[in-house]
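Chains as they are written, first to last, in the numbering used here: chain A, 1 to 198; chain B, 1 to 467. We put the CB at the ideal spot given by N, CA and C, even for glycine. Have a look at the structure below, then the notes.
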């Protein structure tokens with residue numbers, strides 16, 4: 001994989017050495033790569049959550065009736081659509097996604113349809129898996145106008161990608177399914193997925 | 001207030017260790033965190049951002065953020081996407097400085113500086129370098145939307161910087177950076193429990209009273225200061241050591257051009273002296289006089305007289321006290337002379353040496369002008385024309401005593417502004433895990449390996465910091 005050079009004018013690309021930047025979706029060698037979820041799962045075998053649940057509610061598997069959906073093909077369905085480019089509070093319109101049992105599941109973090117309601121008022125990634133192993137996870141926002149467009153990062157303490165390549169391949173899974181994806185990219189400074197889109 | 005948290009959570013955040021409070025566990029933790037401009041995470045080998053000890057991260061961002069970093073993989077630090085650029089740009093414009101010049105002094109690519117001001121995704125280390133040059137507390141970049149770090153000094157700098165011919169942009173920048181050095185030194189000293197020794201000296205609001213003009217108040221206060229600081233007879237061996245070690249006043253030496261002699265800056269409840277290395281201060285006797293003058297301000301002037309920042313020019317320091325119209329300066333100038341070379345002792349030395357002004361100069365470490373003035377005054381203001389000296393250059397011993405580490409610091413190419421006691425405080429703070437070795441290296445503009453290797457020499461230079 002080719003690593004793009006940092007462009008201080010746009011702030012995009014990757015700084016070397018010691019830099020930070022989102023990986024632009026159009027900067028990968030040969031344009032966007034596509035990966036099936038089966039290929040992804042083979043490359044990145046499902047892992048148990050990186051940390052144990054703090055409360056039993058975190059392991060409750062939410063159902064479709066409780067707002068869990070799957071990103072199989074556009075359009076992306078959701079009631080709260082906010083672009084993270086203009087976010088005040090980054091929690092607004094935030095969804096959680098995971099690759100679990102060959103599905104790309106997601107749910108609004110506020111999980112307003114959860115019945116009974118989650119005591120904390122917020123879902124965890126493990127609510128999409130019941131605490132079972134998953135191959136990747138992160139956060140997701142739905143574009144208010146373009147229902148094909150997803151804003152996506154790897155922000156998950158339980159199932160987050162371990163490398164920028166894993167995050168890029170996860171993006172490739174969504175692209176293979178026909179979505180346009182704006183990836184938040186990788187923070188070279190913290191060696192973690194970026195959780196703010198600049 | 002000491003907060004206690006469930007032991008399991010403490011283990012998770014700080015790793016296994018002793019103690020029941022967050023503070024205790026943070027102090028003893030071996031764990032490192034790392035920050036970028038937007039987020040904080042547990043350190044992993046590939047991360048290139050600012051490495052922070054658990055204590056350092058806790059002090060700057062609080063326990064909730066550390067917990068979030070551990071639980072969620074990373075904790076968001078950014079208060080708003082624009083905060084980073086806004087703070088950097090606002091402070092730079094407030095100081096009237098050019099972006100390219102700030103970048104150059106900070107050793108940052110101007111395009112990266114421009115990107116940082118536009119709140120683009122840039123390496124935290126580059127942003128931190130810019131922040132330090134602007135006197136900002138780099139720990140709070142993007143974390144706060146208002147500038148963190150001595151706002152009142154910046155406001156005063158802007159005012160003075162706008163007075164025609166008063167101060168060059170380079171001097172403004174040097175003072176802003178010196179304010180950062182002083183602020184950081186004071187913060188680390190407080191963390192390390194290094195506190196100024198009480199002297200019993202108090203601010204004195206008397207400048208000119210009915211029976212005593214300001215310059216006589218200066219003499220009076222100088223005698224009091226010598227007594228309270230136990231410098232009863234002879235020379236003050238090192239003004240730098242007296243200020244830094246005895247009084248706990250940070251001294252930051254930097255380049256301020258040809259007209260400014262020294263500056264006092266407010267650092268929270270304390271103040272620091274910024275000493276110009278250029279111009280007449282290049283001569284050690286002048287430098288000692290400048291330090292004594294600034295000391296008078298710091299010890300005796302009430303805060304309202306000093307503002308948050310006070311600039312003294314060489315021209316004022318060179319003028320006989322009585323001729324100065326500014327009572328604050330008149331008192332400080334007289335203090336400076338009497339503190340360094342008391343009239344009585346000057347005359348006694350002059351007489352014992354068979355009328356050698358040169359002996360007075362070299363014994364007390366003062367300039368020809370100061371020695372002449374004090375002896376002339378002590379002799380009842382007679383024989384002015386007979387008070388001469390063949391040469392005025394000081395012997396090298398005085399230079400060595402006052403310049404100290406600036407010319408021979410074990411960390412090569414270190415900026416003079418950071419080569420003083422600041423460097424020792426930084427090393428000590430790293431040893432005590434108040435900051436990481438990575439932070440220490442960044443402050444001292446070297447690699448962590450170079451800083452670690454310099455520890456024994458730095459300890460030797462500043463033993464009191466390591467006591």
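Residues in the same chain with beta-carbon distance under 7 Å from residue 91 (chain B), minus the five sequence neighbours each way, listed in chain order, please.
So the list reads 134, 136, 147, 154, once near-sequence residues are dropped.
Unbroken beta strand (DSSP E) runs of length 3 or more, entirely within the stretch 4-66 of chain B: which are they?
Complete beta strand (DSSP E) runs here, min 3: 32-35, 39-42, 50-53.
If we ignore side chains and look at the alpha-carbon of each, how far apart do residue 76 (chain B) and residue 420 (chain B) end up?
The alpha-carbon atoms of residue 76 (chain B) and residue 420 (chain B) are separated by roughly 36 Å.
Counting only Cβ pairs nearer than 7 Å, list the residues of chain B close to residue 96 (chain A).
Within chain B, no residue comes near residue 96 (chain A); the closest Cβ sits about 11 Å away, beyond 7 Å.
Beta-carbon gap between residue 80 (chain B) and residue 40 (chain B) smaller than 9 Å
Not a contact, by the Cβ cut-off of 9 Å.
Over the uninterrupted alpha helix (DSSP H) stretch that includes residue 233 (chain B), give me the two end residues.
Element bounds for residue 233 (chain B): n/a, residue is neither H nor E.
Boundaries of the alpha helix (DSSP H) in which residue 203 (chain A) is found, first to last residue
The structure shown does not extend to residue 203 (chain A), since chain A is modelled only from 1 to 198, so the question has no answer here.
So, are the CB atoms of residue 70 (chain A) and residue 111 (chain A) less than 9 Å apart?
No, Cβ-Cβ distance for residue 70 (chain A) and residue 111 (chain A) is not below 9 Å.
So, with DSSP's three-state summary, where would you put residue 269 (chain B)?
If DSSP states are grouped into helix, strand and coil, residue 269 (chain B) belongs with coil.
With burial defined as no fewer than 16 other Cβ atoms inside 10 Å of the residue's Cβ, what is the status of residue 451 (chain B): buried or exposed?
Counting Cβ neighbours within 10 Å, residue 451 (chain B) comes out buried, since at least 16 surround it.
Look at the alpha carbon of residue 34 (chain A) and the alpha carbon of residue 102 (chain A), and state the distance between them as a whole number of angstroms.
In a straight line, the C-alpha of residue 34 (chain A) is about 15 Å away from that of residue 102 (chain A).
Starting from residue 108 (chain A), follow its DSSP beta bridges and name the residues at the other end.
DSSP lists A:95 as partners of residue 108 (chain A).
Where the alpha helix (DSSP H) through residue 253 (chain B) begins and ends:
If you look at residue 253 (chain B), you'll find it isn't in any alpha helix (DSSP H); it sits in the beta strand (DSSP E) that goes 251-254.
Starting from residue 262 (chain B), follow its DSSP beta bridges and name the residues at the other end.
Per DSSP, B:275, B:312.
Beta-carbon separation (whole angstroms), residue 37 (chain A) vs residue 182 (chain A), contact threshold 8 Å
Between residue 37 (chain A) and residue 182 (chain A) a beta carbon distance of about 20 Å is seen, past the 8 Å cut, so the two are scored as non-contacting.
For residue 339 (chain B) versus residue 272 (chain B), is the C-beta spacing smaller than 9 Å?
No, Cβ-Cβ distance for residue 339 (chain B) and residue 272 (chain B) is not below 9 Å.
Grab the span of the alpha helix (DSSP H) containing residue 151 (chain A) for me, first residue to last.
Segment 149-153 is the beta strand (DSSP E) holding residue 151 (chain A); no alpha helix (DSSP H) there.
What's the call for residue 342 (chain B), buried or exposed, on a 16-neighbour Cβ count within 10 Å?
It is buried - the Cβ of residue 342 (chain B) has at least 16 other Cβ atoms within 10 Å.
Judging by CA-CA distance, which residue of B:197, B:395, B:430, B:131 is the nearest neighbour of residue 449 (chain B)?
With distances taken between Cα atoms, residue 449 (chain B) lies closest to B:430.
In terms of DSSP beta bridges, what is residue 193 (chain A) paired with?
Bridge partners of residue 193 (chain A): A:186.
Are any of the Cβ atoms in chain B nearer than 9 Å to that of residue 60 (chain A)?
Answer no: the Cβ-Cβ gap between residue 60 (chain A) and chain B never drops below 9 Å.
Mind the definition here: the stretch 108-119 of chain B touches the stretch 259-274 of chain B only if three or more C-beta pairs lie below 8 Å; say whether that holds.
Three or more beta-carbon pairs separated by less than 8 Å are not found between the stretch 108-119 of chain B and the stretch 259-274 of chain B, which leaves the two stretches without contact.
Is the Cβ-Cβ distance between residue 181 (chain B) and residue 252 (chain B) less than 9 Å?
Judged by beta-carbon spacing, residue 252 (chain B) lies within the 9 Å limit of residue 181 (chain B), meaning their Cβ atoms are closer than that value.
Mapping DSSP to helix, strand and coil, what is residue 1 (chain A)?
Low confidence applies to residue 1 (chain A): its pLDDT is 31, below 50, so where it sits in the model is not reliable, and the reading given next is rough at best. Note: residue 1 (chain A) maps to coil in three-state DSSP.
Based on the DSSP output, what are the partners of residue 141 (chain A) in its beta bridges?
Answer is A:151.
Quick one: is residue 156 (chain A) near chain B, going by C-beta distance under 9 Å?
Contact of residue 156 (chain A) with chain B is assigned, a C-beta pair being separated by under 9 Å.
Backbone CA spacing between residue 294 (chain B) and residue 264 (chain B) [nearest angstrom]:
In this model, residue 294 (chain B) and residue 264 (chain B) are separated by some 7 Å (Cα to Cα).
Measure the beta-carbon distance from residue 32 (chain B) to residue 52 (chain B) and round it to whole angstroms, keeping in mind my assumption that it falls under 8 Å.
Contact flag correct, Cβ pair sits at about 7 Å.
Looking only at C-alpha atoms, which of B:188, B:138, B:111, B:99 sits nearest to residue 55 (chain B)?
Each of B:188, B:138, B:111, B:99 was checked against the Cα of residue 55 (chain B), and the nearest Cα belongs to B:188.
Any idea what DSSP makes of residue 21 (chain A), helix, strand or coil?
The predicted position of residue 21 (chain A) is uncertain, since its pLDDT is 40 and thus under 50; a value taken from the coordinates is nonetheless stated next. Of the three classes helix, strand and coil, the one that applies to residue 21 (chain A) here is strand, per DSSP.
Could you confirm whether any beta carbon from chain B is found closer than 9 Å to the beta carbon of residue 190 (chain A)?
By this cut-off, residue 190 (chain A) is an interface position.
What are the start and end residues of each continuous alpha helix (DSSP H) run of 4 or more residues lying completely inside the stretch 374-445 of chain B, in chain order?
Taking only runs of at least 4 residues, the alpha helix (DSSP H) segments lying wholly in the stretch 374-445 of chain B are 396-403, 421-431, 437-443.
If we count the other Cβ atoms within 10 Å of its Cβ and call it buried at 16 or more, is residue 145 (chain A) buried or exposed?
It counts as exposed.
Residue 100 (chain A) in three-state terms, based on DSSP
In this structure, residue 100 (chain A) counts as strand in the three-state DSSP scheme.
Distance between beta carbons of residue 152 (chain A) and residue 171 (chain A), contact taken as under 8 Å
That belief holds up - the Cβ atoms of residue 171 (chain A) and residue 152 (chain A) are roughly 6 Å apart, short of 8 Å.
Could you tell me which of B:238, B:114, B:302 sits nearest to residue 202 (chain B), measuring between CA atoms?
Closest option to residue 202 (chain B), Cα to Cα, is B:302.
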